[in-house]
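See structure below.
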Ligand code: FES
Ligand SMILES: [Fe+2]
């Protein structure tokens, strides 16, 4: 190990999400995306969130429920249960649970038994917004904080696209930290960007980008900039995130103004996470959908592979997601891996700071950054993000939010 490389063990709290862990308790103060609305049919849907095995369903009355996967009686998976007007019924002995976890019926118990009143099955509040279903798994179940109304989830003057979730098999932190590490794209993704659009200028710039990171009301932003096409302009990439794990990736250039893509990262457990995404395309920009889809589903470029190259993930260059996967899944967990952060890690450094502060705030019984105060529950929150050429003065204003 290099003399200056270090393991910062404090950060290991961010690698654990289970109940009772410091990181897990931090996550349990926020609403987390747990499903797409359209994936929830009349069949129970098993989901794993923060290390907890749960089942999501919509009862016969249309109410959403998220309850413990294993029946309180003797553990059968409610994924195989039946949905009724009043809730979900276990297939084994027929215990029926409503969306609040109350046990309503135990058909094999003696007539007149009141035992079911003593049974309280695990249940969490769930809400639907913008095509996604969010759950709150924290201590204030009867009075959870407001569900954030991010603009991409609530705007009406356009088209919303909610894609199927992606499931990944490494630590959520590596993925989320990468979102604010804007500069990695200029190296890692250069091969897969070479033939793309006006923003070739982004990829052609030979280096010396500047990155600034700053706190925002609910999280942080980074601004990456470098000299624009004229002396009084800059190329600017602005990205914003909200705690705990919401990331905003905006449009490219003026023609994509108003386009939003929000990513919601939800840890399944310490080693797996899900990414939900919601795109909002303004009515004026429907052509964007086509363009976006083309780049999203573009087949991998054929990277020549040497026949004796036995590395597990080869070929990976040419496909953005695979390039990211290779880099993020091989890092190991934060707090256990040895690292040396550099100037280009400004965004990463601030994000870690904010998350560690949130963990500490929760540990002390406070309300962490990113929780919407009650008096702002109807506020529409815009997490601004774009890639654009800006006059130097406008760019400077972005850096002092
Ligand atoms: S195990 Fe579910 S009712 Fe018996
Ligand atoms: Fe990337």
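Numbering (this note's numbering), first residue to last: 260 to 660.
Don't be surprised by glycine CBs; every beta carbon is placed ideally from N, CA and C.
Just so it is clear, the structure is predicted and the values come from calculations on it, not from any experiment.
Original post:
Can you find a heavy atom of ligand 1 that lies under 6 Å from the Cβ of residue 339?
Top reply: In the chain shown, the residue the question calls residue 339 occupies position 80. Answer for residue 339: no, Cβ out of range of ligand 1.
Original post:
For residue 427, which of helix, strand or coil comes out of DSSP?
Top reply: On the chain shown, position 168 is the one that residue 427 refers to. Residue 427: strand per DSSP, three-state reduction.
Original post:
Within 6 Å: the Cβ of residue 583 and any heavy atom of ligand 2?
Top reply: Residue numbering aside, residue 583 sits at position 324 when the chain shown is read from its first letter. Ligand 2 has a heavy atom closer than 6 Å to the beta-carbon of residue 583.
**OP:** Tell me where the alpha helix (DSSP H) around residue 588 begins and ends.
**Re:** Within the chain shown, numbered from 1, the residue matching residue 588 stands at position 329. Counted as a single uninterrupted DSSP element, the alpha helix (DSSP H) harbouring residue 588 occupies residues 579 to 588.
Original post:
Quick one: Cα of residue 565 to Cα of residue 400, how far?
Top reply: Numbered from its first residue, the chain shown carries residue 565 at position 306. Numbered from its first residue, the chain shown carries residue 400 at position 141. So the alpha carbons of these two residues sit roughly 56 Å apart.
Original post:
Do the segment 434 to 442 and the segment 484 to 500 touch if we need at least three Cβ pairs shorter than 8 Å?
Top reply: Output reads yes: the segment 484 to 500 touches the segment 434 to 442.
Subject >> Under the three-state DSSP convention, the category residue 542 falls into >> reply: In the chain shown, residue 542 corresponds to position 283, counting from 1. In this structure, DSSP gives residue 542 a helical state, which the three-state scheme calls helix.
Subject >> Buried versus exposed, by CB contacts within 10 Å (16 or more), residue 402 >> reply: On the chain shown, residue 402 is found 143 positions in, with the first residue counted as 1. It counts as exposed.
Original post:
At what residues does the alpha helix (DSSP H) containing residue 620 begin and finish?
Top reply: For the purposes of this step, residue 620 is taken as residue 361 along the chain shown, with counting starting at 1. In the DSSP assignment, residue 620 falls within the unbroken alpha helix (DSSP H) covering 605 to 622.
Original post:
What is the rounded straight-line gap between the Cα of residue 457 and the Cα of residue 318?
Top reply: One-based indexing of the chain shown puts residue 457 at position 198. One-based indexing of the chain shown puts residue 318 at position 59. Legend: pLDDT at residue 457 = 44, less than 50; position of this residue unreliable, value from coordinates given subsequently. Approximately 49 Å between the Cα atoms of the pair.
Subject >> CB contact flag (residue 479, residue 328, <7 Å) >> reply: For the purposes of this step, residue 479 is taken as residue 220 along the chain shown, with counting starting at 1. For the purposes of this step, residue 328 is taken as residue 69 along the chain shown, with counting starting at 1. No, the Cβ-Cβ distance between residue 479 and residue 328 is not below 7 Å.
**OP:** Please work out which residues of its chain come closer than 6 Å, Cβ to Cβ, to residue 364, disregarding the five sequence neighbours upstream and downstream, and give them in chain order.
**Re:** Within the chain shown, numbered from 1, the residue matching residue 364 stands at position 105. Result list for residue 364: 355, in chain order.
Subject >> For residue 286, the first and last residue of its enclosing alpha helix (DSSP H) >> reply: In the chain shown, counting from the first residue as 1, residue 286 sits at position 27. Where residue 286 is concerned, the enclosing alpha helix (DSSP H) stretches over 281 to 286.
Subject >> Range of the contiguous alpha helix (DSSP H) that encloses residue 374 >> reply: Residue numbering aside, residue 374 sits at position 115 when the chain shown is read from its first letter. Under the DSSP assignment, residue 374 falls outside any alpha helix (DSSP H); it carries neither an H nor an E label.
Subject >> Residue burial classification, residue 433 (beta-carbon count within 10 angstroms, cutoff 16) >> reply: On the chain shown, position 174 is the one that residue 433 refers to. It counts as buried.
Original post:
What distance in whole Å lies between the Cβ atoms of residue 444 and residue 521, which are believed to be in contact at a cut-off of 8 Å?
Top reply: Taking the first residue of the chain shown as position 1, residue 521 is located at position 262. Taking the first residue of the chain shown as position 1, residue 444 is located at position 185. The pair is not a contact, with the Cβ atoms about 18 Å apart (cut-off 8 Å).
Original post:
Does the beta-carbon of residue 663 have 16 or more other beta-carbons within 10 angstroms, so that it is buried, or is it exposed?
Top reply: Nothing can be reported for residue 663, as the shown portion of the chain is limited to 260 through 660.
Original post:
What number of angstroms, rounded off, separates the C-alpha of residue 376 from the C-alpha of residue 316?
Top reply: Taking the chain shown and counting its residues from 1, one reaches residue 376 at position 117. Taking the chain shown and counting its residues from 1, one reaches residue 316 at position 57. Cα-Cα distance, rounded: 22 Å.
Original post:
Expressed to the nearest angstrom, what Euclidean distance is found between the alpha-carbon atoms of residue 526 and residue 291?
Top reply: Stepping through the chain shown from its first residue, residue 526 is reached at position 267. Stepping through the chain shown from its first residue, residue 291 is reached at position 32. Cα to Cα, residue 526 sits roughly 9 Å from residue 291.
Subject >> Spatial neighbours of residue 423 in its chain, beta-carbon cut-off 8 Å, leaving aside the 5 residues before and after >> reply: Locating residue 423 in the chain shown gives position 164, where the first residue counts as 1. Within the same chain, residue 423 has close Cβ partners 295 and 298.
Original post:
Relative to ligand 1, is the shortest distance from any of its heavy atoms to the C-beta of residue 356 smaller than 6 Å?
Top reply: Stepping through the chain shown from its first residue, residue 356 is reached at position 97. It does not: the Cβ of residue 356 is nowhere closer than 6 Å to a heavy atom of ligand 1.
Original post:
The beta strand (DSSP E) spanning residue 469 covers which residue range?
Top reply: Here the question's residue 469 lines up with position 210 in the chain shown. 469 to 474 is the span of the beta strand (DSSP E), which, as asked, contains residue 469.
Subject >> When 524, 488 and 514 are compared against residue 504, the one with the closest alpha-carbon >> reply: Along the chain shown, one-based indexing puts residue 504 at 245. In terms of Cα proximity to residue 504, the closest of 524, 488 and 514 is 524.
**OP:** Leaving aside the five residues before and after residue 390 along the sequence, list all residues of the same chain whose C-beta is less than 8 Å from its C-beta, in chain order.
**Re:** Taking the first residue of the chain shown as 1, we reach residue 390 at position 131. Residues of the same chain with a CB within less than 8 Å of the CB of residue 390, apart from the 5 flanking positions on each side, are 295, 296, 297, 412, 419, 421 and 537 in chain order.
Original post:
Looking at the unbroken beta strand (DSSP E) that takes in residue 294, where does it start and where does it end?
Top reply: Within the chain shown, residue 294 is the residue found at index 35, counting from 1. Residue 294 -> beta strand (DSSP E) spans 290 to 295.
**OP:** Please check the pair residue 661 and residue 266, which I expect to be a contact at CB under 8 Å, by giving their CB distance rounded to whole angstroms.
**Re:** The requested residue 661 is not part of the displayed model; the chain covers only 260 to 660.
**OP:** With distances taken Cα to Cα, identify the nearest neighbour of residue 360 among 347, 288, 532 and 283.
**Re:** Stepping through the chain shown from its first residue, residue 360 is reached at position 101. Among 347, 288, 532 and 283, the Cα nearest to that of residue 360 is on 347.
Subject >> Beta-carbon proximity check, residue 394 vs residue 383, cutoff 7 Å >> reply: Your numbering for residue 394 matches position 135 in the chain shown. Your numbering for residue 383 matches position 124 in the chain shown. For the pair residue 394 and residue 383, the CB atoms are nearer than the 7 Å cut-off.
**OP:** Please report how far the alpha carbon of residue 259 lies from the alpha carbon of residue 341, in whole angstroms.
**Re:** Residue 259 cannot be examined here, being either before or after the span of the chain that is shown, 260 to 660.
Subject >> Rounded separation between residue 284 and residue 650 - CA only >> reply: Translated into the one-based positions of the chain shown, residue 284 becomes position 25. Translated into the one-based positions of the chain shown, residue 650 becomes position 391. One C-alpha to the other measures close to 43 Å.
**OP:** With a 10 Å radius around its C-beta and 16 neighbouring C-beta atoms as the bar for buried, classify residue 618 as buried or exposed.
**Re:** The count along the chain shown starts at 1 and reaches residue 618 at position 359. By the neighbour-count rule (16 or more Cβ atoms within 10 Å), residue 618 is buried.
Subject >> Buried/exposed call for residue 518, threshold 16 Cβ in 10 Å >> reply: If you number the chain shown from 1, residue 518 lands on position 259. Residue 518 counts as buried, since no fewer than 16 other beta carbons sit within 10 angstroms of its beta carbon.
**OP:** Go to residue 387, then tell me how far its beta strand (DSSP E) extends in each direction, as first and last residue.
**Re:** As a position in the chain shown, residue 387 is number 128, starting the count at 1. Looking at the DSSP string, the run of the beta strand (DSSP E) that includes residue 387 is 385 to 388.
Original post:
In chain order, what residues of the same chain lie with their CB nearer than 7 Å to the CB of residue 611, ignoring the 5 residues before and after it?
Top reply: Start at 1 with the first residue of the chain shown, and residue 611 comes out as number 352. If the five residues before and after residue 611 are omitted, its C-beta is found closer than 7 Å to the C-beta atoms of 270, all from its own chain and listed in chain order.
Original post:
With respect to 6 Å, is the separation between the Cβ of residue 333 and the closest non-hydrogen atom of ligand 1 below this value?
Top reply: Along the chain shown, one-based indexing puts residue 333 at 74. Residue 333: yes, Cβ under 6 Å from ligand 1.
**OP:** Report the three-state DSSP secondary structure of residue 447 (helix, strand or coil).
**Re:** Here residue 447 is taken as the residue at index 188 of the chain shown, counted from 1. In the three-state reduction of the DSSP assignment, residue 447 falls in the helix class, which pools H, G and I.
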